[in-house]
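Enquirer:
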Amino acid sequence: MKKNKRVAGQQREYTLLQLDANFFYERAIRSLDRFHYDKALKYFQKAVDYEPNNPINYCNMAGVLSEIGKYGESNTILQKVINEIDPDMTECHFYMANNFANMEFFEDAERELLHYLQEDEEGHFLEEAEEMIEFLQYELERPTPLTKVKARAGVYEHIRARELLEDGKFVEAIELLETISEEHPDFLAASNNLALAYYYIGLADEAKRAIEAVLERDPVNLHALCNLAIFYHYEGRQEELQQLTPVLAKLDPFYQEHLFKLATTMGILKDHTTALRHFQRLMKHGEVRKDPCLCHYTAVAACNAGKWELAEKYWLMHRTLDEQSPLSAYFLLLLKLVQEEPLQGSLPYSYYESVEEQMEAWEHQAHERGVEMDPKLRRAYFFWAIDHSNREGKLKSIYNLEHCYNEEVEQKLQQFLLRGDEDDYLKRLVMYTLRSMGMKDAFAVVLGGKLLQVEAERVPTLESSSLIHSDPLWEKVAELTLAQTAKRYNVIQQHDMITLWVNFLSKGYSVMSKLTKIEAWAAALEYLIAKLYNKPITYHEAALRYGTSITTVSKRVKEIDKVLGVKNKLKDAPWLVDYSRKQDYRR
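Going by UniProt numbering, 173 is the number at position 173 of the sequence shown; the sequence numbering is gapless.
1. Would the segment 129-145 count as touching the segment 104-121 if we require 3 or more Cβ pairs under 8 Å?
2. Can you give me the start and stop residues for the beta strand (DSSP E) that Phe105 sits inside?
3. Between the Cα of Tyr37 and the Cα atoms of Asn57, Leu225, Glu157, Glu67, which residue gives the shortest distance?
4. Decide if His453 is buried, meaning its Cβ has at least 16 other Cβ atoms within 10 Å, or exposed.
5. So Thr274 and Met283 are in contact, right, with Cβ under 8 Å, and what is the actual spacing, rounded?
6. Is it the case that the Cβ atoms of Asn193 and Ile211 are separated by a distance below 9 Å?
7. If we count Cβ pairs, one from each stretch, closer than 8 Å, do we get three or more for the segment 403-418 versus the segment 362-369?
8. Between Asp441, Val446, Leu447, which lies nearest to Glu455 when the distance is taken from Cα to Cα?
9. Grouping DSSP H, G and I as helix and E and B as strand, with all else coil, what is Ala242?
10. Determine, using beta carbons only, whether Leu316 and Ser328 come nearer to each other than 9 Å.
11. Which value, in whole angstroms, describes the spacing of the CA atoms of Phe44 and Leu188?
12. Tell me the DSSP secondary structure of Lys450 in three-state form.
13. Curious, which full-length alpha helix (DSSP H) runs of at least 4 residues does the segment 45-69 contain?
14. Since Leu165 contacts Leu203 with CB under 8 Å, what's their CB separation in whole angstroms?
15. First and last residue of the alpha helix (DSSP H) that includes Met437?
16. Output the distance between the C-alpha atoms of Tyr232 and Asp374, rounded to the nearest integer angstrom.
17. In this structure, what does DSSP give as the bridge partners for Ala444?
18. What three-state label does DSSP hand Asp423 in the structure shown?
19. Check whether the Cβ atoms of Met439 and Glu407 sit closer than 9 Å, and answer yes or no.
20. Should Tyr50 be counted as a contact of the ligand FMN given a C-beta to heavy atom distance under 8 Å?
21. Determine the DSSP secondary structure at Cys404, reduced to helix, strand or coil.
22. Take every Cβ of the segment 301-312, pair it with every Cβ of the segment 352-363, and state whether three or more of those distances are shorter than 8 Å.
23. How many whole angstroms separate the CB atoms of Thr548 and Ala520, which I take to be in contact at a CB cut-off of 8 Å?
24. Rounded to whole angstroms, what's the CA-CA distance from Gly236 to Ile268? Just pull it up for me.
25. Please confirm whether Ala190 and Ser181 have their CB atoms less than 9 Å apart.
26. How long is the line joining the alpha carbons of Pro185 and Asn221, rounded to whole angstroms?
27. Is the beta carbon of Arg545 sitting closer than 9 Å to the one on Ala524?
28. Using a threshold of 9 Å, state whether the C-beta atoms of Ile398 and Phe383 are closer than that.
29. Go through the segment 136-171 residue by residue and report every complete run of the alpha helix (DSSP H) that reaches 4 residues or more, in order.
30. Give the straight-line distance between the Cα atoms of Asn99 and Glu163, rounded to the nearest whole angstrom.
31. I'd like to know whether the C-beta atoms of Tyr25 and Asn60 end up nearer to each other than 9 Å.
32. Run through DSSP, which three-state label would Phe125 get?
33. Please report the distance separating the alpha-carbon of Gly72 from that of Leu78.
34. Report the three-state DSSP secondary structure of Glu182 (helix, strand or coil).
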C-alpha cells in the first residue's frame, strides 16, 4: 500500500483566527442579538481576560448581568472599574444607580445618581437621569438634594420648573423657565415647557412664539409640534390643524417619552385609532407595560375607538396592576353603559388617583364649557359609589341622581333599601329621592334591622337639590336627635323625626343660613314627634335633655311648624307599618 506523499511546494494556506478582545467582543454582540445572555457573558469575560485594563469590556459584562437581573454582581464590576480601572468613567455611577433602583435600594440609587449628575461632563444619560430623579422623589417621598448638574447647567432648574407647573404655580415656573431659555437657548425642553406655561395662563401669543423659537432650531421637534397642534385644536384653528395633523400621523417615535407624548396628542385631536396604536406599542415594552397609568390611557383610547373588548382587557389589566385603585371598577361600569349608548363626546386622556377627583375634574370642565356633563358619567359614578364608595361618596351620588335617573338606577336604589349593613340615614335619603323622582309605590326598607313598609304618600319630596351643598350642621342635628332618642323612641318614630327634619330643610332652605345651636333644633324635633305620638313632653323637659333654653326650643318649634304646618297636617296614623316584626335584617 502506497503512502501518500506531500509534493513539495503544495502546502495548504490556513487563515488563523485572531483570538483577541475584539474577536470575543463581536461574538458577544452576536449572542446578545440572539438573546443568548449566558454566551454573551462568557465572551465578554474573555474580552476582559485579553484586555484587563479596558473599562468598556467590564461595563459590557456589567450590562449583561443587569439585563438578567444580577444587579448586585453588576454593581461589583462597576465599582471595580471606578476604583481600579478608570475613576473618570462617571457613567458607571449612572449604571449603578439604575441597578440599585431595580433592587429597590433607593437611597443608594440616589447617591450614585447624584454623583453622576454632579461629576459627569458629557451628559449622555441626562434625560434618563431626570426621569430617575422623579421616580426616586416619589419612592423616597422627599425632594432629591441635587445642587448642580455639571453636564448641562439648567437641568436642575428645569426639574424645579416642571414641579412648579405640576403644582399649578405657573407664574413662578415662567420666571424660572424664561431664565433657563435665555441663558441656555439650546435647552429646547425648557422652551417647550415655557410655551405650555404661557398657554396655561392665557398668553397664547407668547406660547406660540416660544414654540416657533423651538421649531426654528429644530423643525421636527416632536414636543413642539404636538404642543402647537393642541393649541390649534383648542383655539378651533382647523385650517392650520389640518396641515399639521398629517405630519404628526406619519411620525413613528423610538423613545418612550416621545411615543407617549404623540399618543396623548393624537387622542386629544380625536384620532383615537392612531392614539391606540401608539399606546399599544408602548405596552409592548417590558417595564412600561406594568404602569397602571399607561394601561388606563390605552383603555381610554380603545374605548374612544369603539374597541370595547380591548378597552375591557386593559382596564382589567389596570385592576391587576393596581388592586388598590378604584378607577378600573368605575370605568368598567362606564364601559357597559357606553356600549348601550355612546358618549356625547369622548373620554378625556387624563388620570386621577380617585374616582371622586376624576368626577370633580369632569364637572369643572363641563362648567367651564357651559355644558351639562354626560349623564352616563354620573350614572356610572352612582353604580360605582353605591357599592364601593364611603358614606360621603354615596351621599354625593344620591344627591346628583336628578341628572342621570332611569329605571336601572331606580332598581339599584330599591335594592339598596334592603341592605341590612347600610346606614339607615342614607336609606332615608334614598326614599326621599325616589319619592322626588315620582315613585308612588310603597317602599320596602330595612331600618334598625327590621323590614318595614313605607307608604309613598307619607314620604316627603326634596324640593331643594342644593341640600347637599348646604351647611353641614344640618346633618349633625339629625345625628344628635337619633342619639338622644335611641332608648325612648322606636325606629318608626325616629324615622319620622328625620323625615320631618329633611322635609323642613328642603322646603325652608333659606333658614339654613341661620342654622346655629343644633341642640335647640334637635330638641324641637323630639318635641314635635312626641306630640304626634301622644308622648308626654314639655318645652322644659326638651330643653333640659338637650342643654338649651325653653325659649329657644319654643322658637324652633314654631319655625318648623310655620314651614310645614305640622300641627295641621301630621295628625294621621304613624307613617310606617312594620309587617315583619319578627324578622331581623341586622348582619
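Cβ coordinates follow ideal geometry from the N, Cα and C atoms, glycine included.
Expert: To lay it out plainly:
1. yes
2. For the purposes of this step, residue 105 is identified with residue 105 of the sequence shown, where counting begins at 1. Segment: none, Phe105 is in no beta strand (DSSP E) and carries neither H nor E.
3. For this step, residue 37 is matched to residue 37 along the sequence shown. For Tyr37, the nearest C-alpha among the options comes from Glu67.
4. On the sequence shown, residue 453 is found 453 positions in, with the first residue counted as 1. Note on identity: in this sequence residue 453 is Gln, with His being the wrong assignment. Label assigned to Gln453: exposed.
5. Numbered from its first residue, the sequence shown carries residue 274 at position 274. Numbered from its first residue, the sequence shown carries residue 283 at position 283. Incorrect: roughly 15 Å between the Cβ atoms, too far for contact.
6. Reading the sequence shown from its first residue, position 193 is the one you call residue 193. Reading the sequence shown from its first residue, position 211 is the one you call residue 211. No.
7. no
8. Here residue 455 refers to the residue found at position 455 of the sequence shown. Among Asp441, Val446, Leu447, the Cα nearest to that of Glu455 belongs to Asp441.
9. For the purposes of this step, residue 242 is taken as residue 242 along the sequence shown, with counting starting at 1. Residue 242 is actually Gln in this sequence, not Ala. The answer is helix: DSSP assigns Gln242 an H, G or I state.
10. The count along the sequence shown starts at 1 and reaches residue 316 at position 316. The count along the sequence shown starts at 1 and reaches residue 328 at position 328. In this structure, Ser328 lies closer than 9 Å to Leu316 by Cβ.
11. To locate residue 44, count along the sequence shown from 1; it is residue 44. To locate residue 188, count along the sequence shown from 1; it is residue 188. The straight-line gap from Cα to Cα measures roughly 38 Å.
12. Taking the sequence shown and counting its residues from 1, one reaches residue 450 at position 450. In the structure shown, Lys450 sits in a strand (DSSP, three-state: E or B).
13. 55-67
14. Locating residue 165 in the sequence shown gives position 165, counting from the first residue. Locating residue 203 in the sequence shown gives position 203, counting from the first residue. Going by Cβ atoms, the distance from Leu165 to Leu203 rounds to 14 Å, so no, they are not a contact pair.
15. In the sequence shown, residue 437 corresponds to position 437, counting from 1. Neither: Met437 is in no alpha helix (DSSP H) and is coded neither H nor E.
16. Translated into the one-based positions of the sequence shown, residue 232 becomes position 232. Translated into the one-based positions of the sequence shown, residue 374 becomes position 374. Tyr232 and Asp374: Cα-Cα distance of roughly 25 Å.
17. As a first step, residue 444 is located in the sequence shown; it is residue number 444 there, counting from the start. Gln453.
18. Along the sequence shown, one-based indexing puts residue 423 at 423. Secondary structure of Asp423 (DSSP, three-state): coil.
19. If you number the sequence shown from 1, residue 439 lands on position 439. If you number the sequence shown from 1, residue 407 lands on position 407. Contact: no.
20. With respect to the ligand FMN, the structure offers nothing, as it holds no ligand at all.
21. On the sequence shown, position 404 is the one that residue 404 refers to. Coil.
22. Judged by Cβ distances under 8 Å, the segment 301-312 makes no contact with the segment 352-363, as fewer than three pairs qualify.
23. Here residue 548 corresponds to residue number 548 of the sequence shown, with the count starting at 1. Here residue 520 corresponds to residue number 520 of the sequence shown, with the count starting at 1. Right, the Cβ-Cβ distance comes to about 5 Å (below 8 Å), so this counts as a contact.
24. If you number the sequence shown from 1, residue 236 lands on position 236. If you number the sequence shown from 1, residue 268 lands on position 268. Going from the Cα of Gly236 to the Cα of Ile268 covers about 13 Å.
25. Within the sequence shown, residue 190 is the residue found at index 190, counting from 1. Within the sequence shown, residue 181 is the residue found at index 181, counting from 1. Yes, the Cβ-Cβ distance between Ala190 and Ser181 is below 9 Å.
26. Counted from its first residue, the sequence shown places residue 185 at position 185. Counted from its first residue, the sequence shown places residue 221 at position 221. Their Cα atoms are separated by approximately 14 Å.
27. Translated into positions along the sequence shown, residue 545 becomes position 545. Translated into positions along the sequence shown, residue 524 becomes position 524. No.
28. Counted from its first residue, the sequence shown places residue 398 at position 398. Counted from its first residue, the sequence shown places residue 383 at position 383. Not closer than 9 Å, so no.
29. 155-166
30. Walking along the sequence shown from the start, residue 99 turns up at place 99. Walking along the sequence shown from the start, residue 163 turns up at place 163. In a straight line, the C-alpha of Asn99 is about 26 Å away from that of Glu163.
31. The residue you call residue 25 lines up with position 25 of the sequence shown. The residue you call residue 60 lines up with position 60 of the sequence shown. In this structure, Asn60 lies closer than 9 Å to Tyr25 by Cβ.
32. On the sequence shown, position 125 is the one that residue 125 refers to. Here Phe125 sits in coil by DSSP.
33. Working through the sequence shown from its first residue, we reach residue 72 at position 72. Working through the sequence shown from its first residue, we reach residue 78 at position 78. C-alpha separation (whole angstroms): 10 Å.
34. For this step, residue 182 is matched to residue 182 along the sequence shown. Glu182: helix per DSSP, three-state reduction.
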